[in-house]
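All remarks here apply to the structure that follows.
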Amino acid sequence: MRNLYKSVIQRLFALPGGRKVLFALILLTVFGLGHVSGYMTRAVRAQNAEPPEFALFWEAWTLVEDYFVDRDEVASLDMTYGAIRGMLASLGDENHTVFFTPEEAVQQADSLEGSFEGIGAYVGTEDGLFKILSPIHGSPAEAAGLLPGDIVLEVDGEDIFELEDWEVISLIRGPAGSQVTLTILREDVDEPFQVAVTRDRIDVESVLWARIPGSELAYVQITQFAADTGPELERTLLAIEAASQESPIRGIVLDLRNNPGGYLQQAIQVGSQFLEKDAVILYDRDAAGETRTYRAYGREGLARTIPVVALVNEGSASAAEILAGALQANDRAKIVGATTLGTGTVLRPFQLSDGSVIRLGVTNWLTPDRELIKGEGIHPDVAVEQPITTRMVDSLMLDSMSAEGLYTHEDRQFASALLLLRLQVNQAEATPITSAP
């Protein structure tokens, strides 16, 4: 075990910084407008069009079945799932195109409905280390004292060092009321320690807001693009409009940091609140080179003229990148923070015959400037790097923060966005949020 800890520490401090892969203990990615497609309709074609290279697979399969020494470890279904995962990994659509077992598929479908059972934390990998990126407010993870940057070494005593992200997530998740014990390595603690967390049902609000103390500005955070994020944002903007009647609100800091994505349709709904009618939100291009255009909805958006500065970081992915790219390319908002993850595919879910699901990248999406961000990310207009362990400002914190504390807080990205937004508001006659007539 000591050797494992030593290896983890060496990888943490010796390797160059890698891109972070963000997940919640829920599924968060870009889903296209297509429905779940059954695979059985293609089964005959698959059998009849078997490529010659497939013979190699059966050679390997037969060797394992005939000669592998630990016979109890030879499980046909596990080998099949492993082969599917390996096939998808070879496509290079890293941490986007993905396979789920039937159980995982049900869990992930539930997650995007805005609730799930687990510990309530956003997690991710960096340089092969599985980390807590951010506990969800009010969650068991937060109550147990888990912090951003905590490295998870074991789950219930099982070493996770060689496991895939989704395997670790499956171990951590579980029914409400049950307990899971995580072995944690923390940067400022000499030895690993254990944290017991009692799972619960987590209801995730995807849109949160607060008035920024001592200002005429609002803070709006979108944590994911769930099934109802568009309507949630509309209700939030109406609440801001109502609050503005008492004391004007003339600008918005829009926080998309650590937002790992969600439904494409919801990203379009959200973008339509900020962009003019028919503004391009994104293009997508399929394998045949055919391009489709997605535009802002024609109905009046509630926040099409109020000044906006958007925050992004390495954990902003998929649908969050689509929104950030649309705001930037349409000159609707300046982007502050760090370069986003660069997940540039739109996924379509295909259900296999046993209920397992492949979410396959079927199109590449491009910004309104026709920039392909796959592997590149959205580059901020104002780059502000900060450690992943930084306690970032959020709506709950703002509710109890003084105006004096805004610029002295460790969250330099937020402070930079706030300064930029104040400058914009002061330079222009800002138009507050207004409802459609």
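Heads up, the sequence shown is in my numbering, so the first residue is 1 and it goes up one at a time.
C-beta atoms are modelled at their ideal positions from N, C-alpha and C, and glycine is treated no differently.
Trp61 and Asp70 have their C-alpha atoms roughly 15 Å apart. Burial state of Ser115 is exposed, judged by a 10 Å Cβ sphere holding fewer than 16 other Cβ atoms. Note on geometry: alpha-carbon atoms of Gly289 and Val180 lie some 47 Å from one another.
In the structure shown, Phe274 falls within a helical segment according to DSSP collapsed to helix, strand and coil.
By DSSP's assignment, Gly361 forms a beta bridge with Leu347. Between Leu282 and the set Lys131, Asp156, Trp365, Leu185, the nearest pair of CA atoms involves Trp365.
Here the region 366-378 makes contact with the region 331-345; the two share three or more CB pairs at distances below 8 Å.
Here Ala310 is near Ala333, since their CB atoms are less than 8 Å apart. DSSP, reduced to helix, strand and coil, places Thr390 outside both helices and strands of the structure shown, so it counts as coil. Per DSSP, Gln328 is one residue of the alpha helix (DSSP H) stretching across 319-329.
Pro349 and Leu264 have their C-alpha atoms roughly 13 Å apart. With a beta-carbon spacing of about 14 Å, Ala210 and Leu421 fall beyond the 8 Å limit used to define contacts. In the structure shown, the three-state DSSP call for Leu311 is strand. For Ala210, the enclosing beta strand (DSSP E) stretches over residues 207-211. One Cα belongs to Ala141, the other to Ala121, and the distance between them is close to 6 Å. Within the model, the alpha-carbon separation for Val384 versus Phe414 is close to 9 Å.
When only Cα atoms are considered, Ala319 and Phe68 end up about 44 Å apart.
Judged by pairs of C-beta atoms under 8 Å, the region 385-396 touches the region 143-162, as three or more such pairs exist.
Shown here, Glu300 sits in coil according to DSSP, grouped into three states, outside any helix or strand.
When the beta-carbon positions are compared, Thr339 and Gly377 come within less than 8 Å of each other.
Between the alpha carbons of Ser353 and Gly86 lies a distance of about 19 Å.
DSSP lists no beta-bridge partner residue for Thr367. In this chain, Ser115 is not harboured by any alpha helix (DSSP H); it is covered by the beta strand (DSSP E) spanning 115-118.
In the structure shown, the three-state DSSP call for Arg250 is coil. Counting the other CB atoms within 10 Å of its CB gives Pro102 a total below 16, which places it among the exposed residues. Note on Thr183: 16 or more other CB atoms within 10 angstroms of its CB, so buried under the neighbour-count rule. With a beta-carbon spacing of about 5 Å, Arg199 and Ser178 fall inside the 8 Å limit used to define contacts. Nearest in C-alpha terms to Thr291, of all of Ala218, Val64, Ile268, Arg370, is Arg370. Between the region 158-166 and the region 399-409, the count of Cβ pairs shorter than 8 Å is below three; the stretches do not touch. Under the Cβ criterion (8 Å, minimum of three pairs), the region 188-195 does not count as touching the region 225-237. In the three-state reduction of the DSSP assignment, Ile378 falls in the coil class, being assigned neither a helical nor a strand state. The closest CA to that of Val336, considering only Gly92, Pro248, Leu360, Val382, is found on Val382. In the three-state scheme derived from DSSP, where H, G and I count as helix and E and B as strand, Gln224 is classed as coil.
In this structure, Ile136 lies near Val204, with their beta-carbon atoms less than 8 Å apart.
In the three-state reduction of the DSSP assignment, Ser395 falls in the helix class, which pools H, G and I.
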